[in-house]
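The numbering of the sequence shown is UniProt numbering, which starts it at 1 and goes up by one.
First the structure, in the form of structure tokens, and then the observations on it.
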Amino acid sequence: MTDPWHLYERLVDGVPAGITVTRALVNRWTVVGTDDGTMGVAMTCRGGPRLPEPVIVGAELREVAALVTSWDLRLASLGVAALNAWYAQPARLEGLAGLVWDEQADWAARLAPHLGAKPSAVVGHFPVARRFASPCPRLRPAVFVK
Numbered sequence: 001m002t003d004p005w006h007l008y009e010r011l012v013d014g015v016p017a018g019i020t021v022t023r024a025l026v027n028r029w030t031v032v033g034t035d036d037g038t039m040g041v042a043m044t045c046r047g048g049p050r051l052p053e054p055v056i057v058g059a060e061l062r063e064v065a066a067l068v069t070s071w072d073l074r075l076a077s078l079g080v081a082a083l084n085a086w087y088a089q090p091a092r093l094e095g096l097a098g099l100v101w102d103e104q105a106d107w108a109a110r111l112a113p114h115l116g117a118k119p120s121a122v123v124g125h126f127p128v129a130r131r132f133a134s135p136c137p138r139l140r141p142a143v144f145v146k
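Spelled out as structure tokens, the structure:
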């Protein structure tokens, strides 16, 4: 793949026309809601050139999703949230090879067999991360912060 934007373009192309953004919030997390009854969330990133604010509420979801390639990372965060508003739903994920929808998914149990004794890192607040200490002996208990 020579075009680094190809994946994002394909994701944006998969968002249908005719869905309107009804609400948007940019704070620590970015949230986009639609008239289709869906909502997407993304971590808010900051940085890059500060570009003029486009009109988000009232815009087509597909247009907002296209912001994912913006160098203004706040706008790119809106694009990711818009993509999540479309794609992150059980009905759209069912039937895709290799994906399992499980609201009670235990990511620690699923990942531990693949990690073995490899050096590993967990970034963020994940209470079950302590369980990795046994299968991953090189994990330093000192990294756990309450």
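Each residue gets a CB set at the ideal place from its N, CA and C atoms; glycine is no exception.
Predicted model, so just to flag it, every value in this text is computed and none were measured.
Suppose you measure from the CA of residue i to the CA of residue j; what does that come to, to the nearest Å?
i   : j   : result
E53 : L67 : 11 Å
R50 : V15 : 26 Å
G48 : Y8  : 18 Å
V32 : E94 : 22 Å
P4  : R10 : 11 Å
Q89 : T22 : 18 Å
I56 : D36 : 16 Å
T30 : L75 : 10 Å
A24 : Y87 : 17 Å
T2  : L73 : 23 Å
H6  : V26 : 26 Å
Considering only the alpha carbon of each residue, which of the options lies closest to residue i?
i   : options               : result
V41 : D72, R28, R62 and V57 : R28
V12 : A85, G58 and R74      : A85
I19 : E63, V31 and L25      : E63
T38 : R92, R74 and H6       : R92
T44 : Y87, L83 and L78      : L78
W71 : A24, R46 and V26      : R46
So does residue i have its beta carbon nearer than 7 Å to some heavy atom of the ligand GTP?
i   : result
L51 : Looking at this structure, you won't find the ligand GTP or any other ligand, since it has none at all.
For residue i, collect the residues of the same chain with a Cβ closer than 7 Å to its Cβ; drop the 5 residues on either side in sequence, then sort them by chain order.
i    : result
E60  : A17, I19 and T20
H114 : none
T34  : I19, T20, V21, T22, L61 and A85
Leaving out five residues before and five after residue i in sequence, what residues of the same chain have Cβ atoms less than 6 Å from its Cβ?
i   : result
G58 : none
V80 : A42 and V68
A65 : V12, V15, G79, A82 and L83
With 8 Å set as the bound, which would you pick, yes or no: does the beta-carbon of residue i sit closer than that to a beta-carbon of chain C?
i   : result
A24 : Reference to chain C is not applicable here, since this structure consists of a single protein chain.
Length at least 4, wholly inside the segment 36-67: the alpha helix (DSSP H) runs in chain order: Whole alpha helix (DSSP H) segments, 4+ residues: 61-65.
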